Every structure is written in structure tokens, then in C-alpha cells.
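The next block holds one structure in the form of C-alpha cells; read it before the comments.
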Amino acid sequence: LAKTTQPISMDSYEGQEVNITCSHNNIATNDYITWYQQFPSQGPRFIIQGYKTKVTNEVASLFIPADRKSSTLSLPRVSLSDTAVYYCLVGERMGRIAAGNKLTFGGGTRVLVKP
Amino acid sequence: NAGVTQTPKFRVLKTGQSMTLLCAQDMNHEYMYWYRQDPGMGLRLIHYSVGEGTTAKGEVPDGYNVSRLKKQNFLLGLESAAPSQTSVYFCASSWETRGRDTGELFFGEGSRLTVL
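As they're listed, the protein sequences go chains A and B.
Using the numbering used here, the first residue of the first sequence is number 16, and each one after it goes up by one.
Using the numbering used here, the first residue of the second sequence is number -16, and each one after it goes up by one.
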């Protein structure tokens, strides 16, 4: 499984763009990059998934360079309600469980949005 | 749609007691998972199931047993609870991915277990 490294915490202010970079140097050919968001006392929630280049949805954008050894989650114009822990996961899509293909959640990045 | 429902939400046990956490999903998902989350840490996979009647070990299976007798339910059992099992337990479910499906995990609200 590809190991991921992401910052432990980040502070930001309302209205700013937050960029969280995740390193995954040993990503495999079949691996996707998936980000989840977790609020206190809640289960994680899927944000976005990508394989290469750029993916954008109504919540965030995901930038993946050509070598795929890192990825950046971009949250535009954050608000106080975006304060949460963000997890970067790398592996085959979760529904394709196979021996060794068990996505793990690392420690995540704790994002604090200040007024 | 209720999504993924976990019961109970809170429980306090004494060392050596047994209990079962119930996870129910109404999305007809094939896959279900149990995770534990300790303070300030990420989630660790305990056991998972790829379909009714099947279970498999995850990253930290010791001290837990699971059963998936019905497609919509995934039970997590602690036969003899230990203080080290004090944690928040999350159940999740997902589709079997086909084509462009993301394999998104849908999580329950969590069950907070304290073992004294």
C-alpha cells in the first residue's frame, strides 16, 4: 500500500484558499487518490477522488502532477464550517477489495479556519 | 434513507464483559467495514466484508469478531473487553466499484465505547 504523508495541521482564515499537499512516493499504477473530511464526533465524508491531472467538484479541486507522487487538495474560500480533519488515501478504489488492498486512514491534516 | 446506522452510540463496559455493535445500511451496498479511531489518530480497519456471509481481517482484528448474516447488517463483537479497546468505532459501507465508480465509503455516526 502506498504510504502517504501530509501536514499535521494548518490554520487559515475565512475566505482564503486552503491547499493541503499529500506525498505518496510509491503510488502504484492502479492507485487512485481520495480525500475524506471528518468533523468532530462524525464519520468521515468523501470529498473528491482523482487519478491524474485535475479534478474539480462543487466542494474542492484535486491537483495531481504527472508523476503522481503527490497531490494537492484545494478548498476555495473556506468558511468556519470547513474546520475539520482531512485525510488523503491512496489505493485501489475501495470497492475493489483484494488481498492487501485495504485503504488506511493516516493521521490526517487538522485544518482550523479562523474568523 | 437513513444511510448507515450504528447502535448503540455510547456504551461503558467493565473489563471482561462482552458486547456487540450493530451496523445497518439501507443502500444495498455489498461491502461493509468496521474501523476504530483513537484520540487524535486516523481510522484503522478492524474487519470488513465483501458480501453476505463473508468476512475478512483488516489491520487490527485481534480481540474482535464479526458476522454478516444479512447483507444490510454487519455486527462487531467484543468477547472479552479490554481497556485497550476503548475507542470510537465507525462502520462504513460501499458499492462494489464498477466502471467509473469511486468506491466512496459511507460512514455511520460512530459508537463511543469505554472499557473500565
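C-beta: ideal position from N, C-alpha, C; glycine also.
Small disclaimer: the values here were computed from a predicted structure and weren't measured.
Between the alpha carbons of phenylalanine 120 (chain A) and glycine 23 (chain B) lies a distance of about 12 Å. DSSP, read as helix, strand or coil, puts leucine 88 (chain B) in coil. Taking each of A:Ser94, A:Asp82 and A:Lys129 in turn and checking the Cα distance to isoleucine 48 (chain A), the smallest one comes out for A:Asp82. Contact between glutamine 55 (chain B) and glutamine 8 (chain B) holds: their C-beta atoms lie close to 6 Å from each other, under 8 Å. Among the residues facing chain A, glutamate 35 (chain B) is not included, as its CB has no counterpart in that chain under 7 Å away.
In the structure shown, serine 76 (chain B) falls within a strand segment according to DSSP collapsed to helix, strand and coil. Taking 7 Å as the CB threshold, proline 22 (chain A) stays off the interface with chain B.
For glutamine 52 (chain A), none of the residues of chain B pass the 8 Å Cβ criterion, the least Cβ distance being about 11 Å. For leucine 26 (chain B), the secondary structure class from DSSP, reduced to helix, strand or coil, is strand. The beta carbon of glutamine 31 (chain A) does not come within 7 Å of any beta carbon belonging to chain B, so the residue lies off that interface.
The bridge partners DSSP lists for threonine 124 (chain A) are A:Tyr101. Interface annotation, leucine 26 (chain B): in contact with chain A, CB-CB separation under 7 Å. Under the Cβ distance rule, proline 59 (chain A) counts among the residues neighbouring chain B, one pair being separated by less than 7 Å. Going by C-alpha positions, glutamine 52 (chain A) is about 18 Å away from glutamate 29 (chain A). With respect to chain A, the C-beta atom of threonine -12 (chain B) has no partner C-beta closer than 7 Å. Ranked by Cα distance from glycine -14 (chain B), the first of B:Trp78, B:Thr85, B:Leu96 and B:Thr97 is B:Trp78.
Within chain B, no C-beta atom comes less than 8 Å from the C-beta of tyrosine 66 (chain A); the nearest is roughly 10 Å away. Listed along the chain, the chain B residues whose CB falls inside 9 Å of the CB of serine 56 (chain A) are Val71, Glu92, Gly93 and Arg95.
Contact annotation: threonine 38 (chain B) and arginine 51 (chain B) have beta-carbon atoms nearer than 7 Å. Here DSSP, grouped into helix, strand and coil, assigns serine 94 (chain A) to coil. Using a C-beta cut-off of 8 Å, the segment 89 to 104 of chain A makes no contact with the segment 61 to 69 of chain B, since fewer than three inter-stretch Cβ pairs fall below that distance. Glutamine 64 (chain A) carries a strand assignment under DSSP once its states are collapsed to helix, strand and coil.
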